[in-house]
Each structure stands twice: as structure tokens, then as C-alpha cells.
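Q: Dropping the structure in here first, questions after.
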Amino acid sequence: MNLLQSSAILTCLCLFQFCTWGCAAEPGSPNQLTKQEQEQGFELLFNGKDLKNWDQSGNWEVQEGVIARTGKGGSLTLKQQPLPDDFELKFEWKVGEGSNSGVYYRPGQYEYQILDNQKHADGKNPRTSAASLYFCMPPSQDATRPVGEWNQGRIVCKGTVIQHWLNGKKVIDFDYTDPRYAWHVELLANRGAQLTDRGGVLYLQDHGDPVWYRGIKLRTIPGDESLDRSPVKPATVSDEALAAEQRKLQRIMENRARQQQKQK
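Mapping of the sequence shown onto mature numbering (1 follows the signal peptide of the UniProt record, and there is no 0): residues -24 to -1, 1 to 240, in sequence order.
This is how it looks when you write it as C-alpha cells:
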């Protein structure tokens, strides 16, 4: 082997080692923007170090690059301006056994449900299970990973279209002006929310359970950008779950009526 061949082999080995290091580092850096995300216009909402851009009551903290709920005190709310009307939000989440939380992204009850589907009671109804638009639209399937493992969440909103993604699968895609979903929209309205509302702030729900978040990234969707509108069929809600849902809704409406009566 001559000197030229030896030099070429050494160069290839160095390039291989560099690539290996680079590839290995990416999965461990959820709180950094990839080159593609930078080109798409994403911004980091959590820097992996502190919560200086978030409001809270001392019950959330950063543990080794992860946002952790550590006690009672309420939700963790982004202090920046309200979310844009058309946006894409990406985040990673995991829960403890039986845990419940949520990502709220528009006024009222726009909630991407965070849940242990197997142990929490809400997991019995797809409309209140993980990745659902809570109390409105069920996901097409349960795409959650086992408790303690990280899940990749994604919310896409443009115009009257709402999409929820979970672990790379689009599980909700609906236009709330579509007459096929009028009953779903009415159900959420009876709970107290209007899907036409805009200008909400992002917040992570404290439901009294252990939950963790990281890799929170946001971008505004340009007006000329088209969405993937491939059809998604909502999961079927069983008769038993529907009955429980109606009992819950009845309690909500009765409580609302009592509150209104007190204000008179």
C-alpha cells in the first residue's frame, strides 16, 4: 500500500467517524432546531435550560433539558404574544402512569390531550384520549408509546382546518365548517368553546399528575402553503362511552347554569 492509498483510507475513516458523531448527536438534542426547521421558520419556545419565557407558580422546573411538573400551582404559560392564526407547533411529551395533561393552543377549550390511555378513565373514550381535540374530535387510532417513553406531538392549524399528529401519524384532520362534523363542533360549544376563536396563548396544563415536555417549536404557516389533507377517519366512540360523555356534559351545563345564577 503506497502513501497515497494510506492517506485516502485515513481520510475516509475520519469522515465516517465525523458522520457517526453527527448522526448520534441529533436524537439527543430535542431542544435545538435542525437545519430543516430553521429553513422552515421554526423558533424554539423552550431553550432546554430555563423557563424565562414562561409564566408559572413555581411548580414547573427544568430537569436535564426537560420541563417537569413538580407540584401544585397551575399551568405553565408562554409569556410571548398569542399564537398566530395559522401555525405549526411541535413538541415531545411523556406521562407517568395514569397521568393527564394537555396542550392548549387557542382560546377556550382548544386542547391537544396528553394522557396515559391505558390507566386513565379518559382513555376509555377516544374523544378524550391522547391526541384528541378534547371533547370534540377523536383521533383515528391510539398511536401512543408506552408510559415513560417520549411521544412526538404536532398541531397544525390553518384557516378552519385543524390537524393533530402523534408519533409521525396524522390522527386528526378536519375542517370544522364541514357539515359532517357539526355535531362534534356543537359538543365542544356546549362544553364552552367556539372553534372560531383566535388569539390564544400556549399553555401546558397542570392536572395534578407527573408529565414532561421538551422540544417545543413553533412556526407561522405561510398563506400559500398547502396542507396534507389526506383523509383521516375518526375512531368510533362506543355506546357506553357516549352515555358517560352525555352525563359529563350534563354536569358541565348544570354547573355553568349555577354560576350564571350566582352572578345575577
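Cβ atoms here follow ideal geometry from the backbone N, Cα and C, with glycine treated the same way.
It should be emphasised that the depicted structure is a prediction, and the values quoted were computed from it without experimental measurement.
Let me check understanding here. Comparing Cα to Cα, which of H160, T153, Q117, S5 lies closest to K145?
A: Q117
Q: Specify the secondary structure class of A220 as computed by DSSP and reduced to three states.
A: helix
Q: Among residues of its own chain, excluding the 5 on either side of G49, which ones have a beta-carbon nearer than 8 Å to its beta-carbon?
A: Q32, S33, G34, N35, W36, D182
Q: Of the choices T196, G129, T46, whose alpha-carbon is the least far from that of P115?
A: G129
Q: Using only alpha-carbon positions, find the residue among I138, W188, E201 that is nearest to D92.
A: W188
Q: Tell me which residue opens and which closes the alpha helix (DSSP H) that Q16 is part of.
A: 11 to 16
Q: Hey, quick one: how far does the alpha helix (DSSP H) through L164 stretch, first residue to last?
A: Judged by DSSP secondary structure, L164 falls within the alpha helix (DSSP H) whose first and last residues are 158 to 167.
Q: For the 8 Å Cβ check, are there 3 or more pairs between the stretch 77 to 96 and the stretch 209 to 222?
A: no
Q: Measuring alpha carbon to alpha carbon, tell me which residue in P60, G184, D204, K66 is nearest N7.
A: K66
Q: Beta-carbon separation of F111 and L178 under 9 Å?
A: no
Q: Between Y157, L194, G199, which has its C-alpha nearest V210's C-alpha?
A: Before going on, a small fix: residue 210 reads as Pro here, not Val. Per the Cα distances, Y157.
Q: Suppose you measure from the CA of L142 to the CA of V123; what does that come to, to the nearest Å?
A: 15 Å
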